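Q:
Number of protein chains: 2
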Amino acid sequence: MISQTAEYALRAVVCLAQNPDKPYTTAEIARWTKVPEHYLSKVLLALAKHEVVFSKKGLHGGYVLAQDPENLPLLNVINAVDPIKHIKSCPLKLKTHGANLCRLHQRVNESIDMMEDLFRTSTVALILSEPTQSIPLRESITQVRA
Amino acid sequence: MISQTAEYALRAVVCLAQNPDKPYTTAEIARWTKVPEHYLSKVLLALAKHEVVFSKKGLHGGYVLAQDPENLPLLNVINAVDPIKHIKSCPLKLKTHGANLCRLHQRVNESIDMMEDLFRTSTVALILSEPTQSIPLRESITQVRA
DNA sequence: CATGCAAAGGATAAACATATCCTTTTATCT
DNA sequence: AGATAAAAGGATATGTTTATCCTTTGCATG
C-alpha cells in the first residue's frame with residue numbers, strides 16, 4: 002500500500018545506513034537497491050530537500066544520511082517522497098459531515114493511522130539491527146539447513 | 002492508502018446496504034455516493050463479477066447486495082475491485098532472500114497485514130450500526146450544539 | 001584555473017489509474 | 001411483438017505515477 006517511490010526511498014536510506022559515513026553516488030545506490038538509476042536521482046532529490054539525506058556534489062561527493070539511523074523513523078522517509086494523507090473531512094463533501102467523519106471514513110482513516118504509527122515507530126536502525134536470515138539489500142551467504 | 006476505486010466500491014456497497022431489498026440503478030447509486038456515474042458502472046461490474054452484489058437488467062432492475070451485511074467484510078469489497086497484495090518474496094529478487102523477507106520488507110508487509118486485518122474484521126453492518134454524528138452518505142440533520 | 005566528477009533540474013516518454021462516451025445485450029411491461 | 005429500462009461491454013480520453021534522457025550547476029583535485 003505504499004507507493005513504488007516510497008519503497009525506493011526506503012531502500013536507498015537503508016543502503017546509506019549501512020555505512021553512514023561513506024558518501025554513495027546515485028549510481029552506487031542504484032546498483033545496491035536495484036532501483037532505476039535515473040528515477041532514483043529524483044527520489045534522492047526529494048530526500049535531500051526534506052533533509053533526510055545530505056548531498057555533496059563533485060568528486061568524492063554523493064549522498065549521506067542526514068539523520069542518525071536511531072532517530073530516523075521510516076515514516077520520515079516515506080513522507081519525504083510520498084506523504085501519507087489522512088482523511089480529515091468528508092470525501093463526499095457533505096456539508097453536515099465536514100470534519101465529523103462517518104463510520105466508513107473513520108474506519109478507512111483508522112487503517113491509515115495504523116500504518117502511520119507502524120512506520121513512525123520503526124526506525125532505520127531497527128531494520129538493520131534485528132538480524133534475520135535475510136540482510137536488507139544483500140545476497141547473504143546464510144544457508145538454511147535441511 | 003486504498004485506491005479511489007476501492008473507496009468508490011465501499012460507498013456503493015454502503016449505499017446498497019441501507020436498503021438491502023431495493024434494487025438501485027447505477028444512476029441512483031452515483032447520486033447518493035457522488036461517484037462519477039460511468040466510472041461507477043465499471044466498479045459495480047467488478048463487484049458483480051466477484052459476487053459482492055447481484056445485478057438485474059431491465060426495468061426495475063439494478064444492483065442488490067449479494068451478501069448479508071453482517072457477513073460482508075469491507076475487505077471483500079476492496080479485494081473485488083483492487084486486491085490487497087502482500088509482499089511474498091523479495092522485491093529485489095535477491096536469490097538468497099526469496100520468501101525470507103528482510104526486516105525492511107517484513108515491516109512493510111506488516112503494515113499491509115494490519116490494514117487487511119482491520120478491513121477483514123469490519124463488516125458493512127458494523128459501519129451502519131454504530132451511530133455517530135455523521136451517517137454514511139447522508140446529509141444528516143444532526144446539529145452540533147455550541 | 002582547467003578538468004572531471006557528481007548532483008540538480010528540465011523535458012519527454014511509457015505505463016497505469018481514473019473518467020467519459022457509445023453500442024450491445026437482456027429483462028420488463030404493455 | 002414493440003417499446004423502454006437498465007446492465008454489460010468496448011473504445012477512447014484525461015491524469016498521475018513511474019521511468020528515461022539530456023543539460024546545467026557546483027565541487028574537488030591537479
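First to last, the protein sequences are chains H and W. Under my numbering, residues 2 to 147 are what the first sequence spells out, in order. Under my numbering, residues 2 to 147 are what the second sequence spells out, in order. Every residue, glycine too, gets a C-beta built ideally from N, C-alpha and C. As the structure is a computational prediction, the values presented were derived from the model and not from experiment.
(1) Name the residues in the stretch 88-107 of chain H whose C-beta lies less than 9 Å from a C-beta of chain W; which are they?
(2) For K86/W, which three-state DSSP category applies?
(3) For the stretch 22-49 of chain W, which residues have a beta carbon sitting closer than 8 Å to at least one beta carbon of chain H?
(4) Could you list which residues in chain W have their beta carbon closer than 8 Å to that of E8/H, in chain order?
(5) Excluding the 5 residues preceding and the 5 following A18/H in the sequence, name in chain order all residues of the same chain whose CB lies nearer than 7 Å to its CB.
(6) Going by other Cβ atoms of all chains shown within 10 Å of its Cβ, with 16 needed for buried, is G62/W buried or exposed?
(7) With a threshold of 16 other CB atoms inside 10 Å of the CB of P74/W, please say whether the residue is buried or exposed.
(8) Where does Q68/H land, buried or exposed, given buried means 16+ other C-beta within 10 angstroms?
(9) With H, G and I counted as helix, E and B as strand and the rest as coil, what does DSSP make of K43/H?
(10) Taking V65/H as part of the beta strand (DSSP E), name the residues at either end of that continuous run.
(11) Give a yes or no on whether the minimum CB-CB distance between V82/H and chain W is below 8 Å.
(12) Looking at the C-beta of P70/W, does it have a partner C-beta in chain H at a distance below 8 Å?
(13) Anyone know if the C-beta pair for L102/W and S135/H falls short of 8 Å?
(14) Within 8 Å (strictly less), CB to CB, does L73/H reach chain W?
(15) Can you check DSSP and say which residues form a bridge with F55/W?
(16) Rounded to whole angstroms, what's the CA-CA distance from Y40/H to T6/W? Just pull it up for me.
(17) Anyone know if the C-beta pair for A47/W and A13/W falls short of 8 Å?
(18) Considering only C-alpha positions, which residue in the set E38/H, K35/H, E52/H and K58/H is nearest to A24/H?
(19) Should N20/W go down as buried or exposed, given a rule of 16 or more other Cβ atoms within 10 Å for buried?
(20) On a CA-only basis, which of V78/H, P92/H and S112/H is nearest L105/W? Give me that one, please.
(21) Out of T27/H, V54/H, R139/H and S123/H, which one is the CA nearest neighbour of M60/H?
(22) With distance defined between alpha-carbon atoms, name the residue in N72/H, P92/H, L138/H and E117/H nearest to V53/H.
(23) Tell me which residues share the same chain as I85/H and place their Cβ nearer than 6 Å to its Cβ, disregarding the 5 neighbours each side in the sequence.
(24) What does Q134/W touch in chain H if you count any residue whose Cβ is under 7 Å from its own?
(25) Listing by chain order, which chain H residues have their CB less than 7 Å from the CB of L11/W?
(26) What does T133/H pair with, by DSSP beta-bridge criteria?
A: Short version:
(1) Result list: C91, P92, L93, K94, L95, K96, T97, H98, G99, N101, L102, C103, R104, L105, H106 and Q107.
(2) Of the three classes helix, strand and coil, the one that applies to K86/W here is coil, per DSSP.
(3) For the stretch 22-49 of chain W, which is checked against every Cβ of chain H, the residues closer than 8 Å are T34 and K35.
(4) Per Cβ cutoff of 8 Å: P92 and V109.
(5) Non-local beta-carbon contacts of A18/H in its own chain, meaning distances under 7 Å to residues more than five positions away in sequence, involve L66, P70, V125 and L129 in chain order.
(6) That one is exposed.
(7) Counting the other Cβ atoms within 10 Å of the Cβ of P74/W gives 16 or more, which makes it buried.
(8) Taking a 10 Å sphere around the C-beta of Q68/H, we find 16 or more other C-beta atoms and assign the residue as buried.
(9) Three-state DSSP puts K43/H in a helix.
(10) Looking at the DSSP string, the run of the beta strand (DSSP E) that includes V65/H is G63 to L66.
(11) It does not: the Cβ of V82/H has no partner Cβ on chain W nearer than 8 Å.
(12) No, its Cβ sits nowhere closer than 8 Å to a Cβ of chain H.
(13) In this structure, L102/W places its C-beta atom within 8 Å of the C-beta atom of S135/H.
(14) So no, L73/H is outside the interface.
(15) Answer by DSSP bridge pairing, in chain order: V65/W.
(16) Approximately 27 Å, taken between the alpha carbons.
(17) It is not a contact, given that the beta carbons lie outside the stated cut-off.
(18) Note that residue 24/H corresponds to Pro in the displayed sequence, not to Ala. The closest CA to that of P24/H, considering only E38/H, K35/H, E52/H and K58/H, is found on K58/H.
(19) Burial call: exposed.
(20) Distances from the CA of L105/W to each of V78/H, P92/H and S112/H were compared; the closest alpha carbon is that of V78/H.
(21) According to the sequence provided, residue 60/H is Leu. The question's Met does not apply to it. Sorting T27/H, V54/H, R139/H and S123/H by C-alpha distance to the C-alpha of L60/H places T27/H at the top.
(22) The candidate whose alpha carbon is nearest that of V53/H is N72/H.
(23) E117, listed in sequence order.
(24) Among the residues of chain H, those whose CB is under 7 Å from the CB of Q134/W are N101, following chain order.
(25) L105, listed in chain order.
(26) T133/H pairs with nothing; no bridge assigned.
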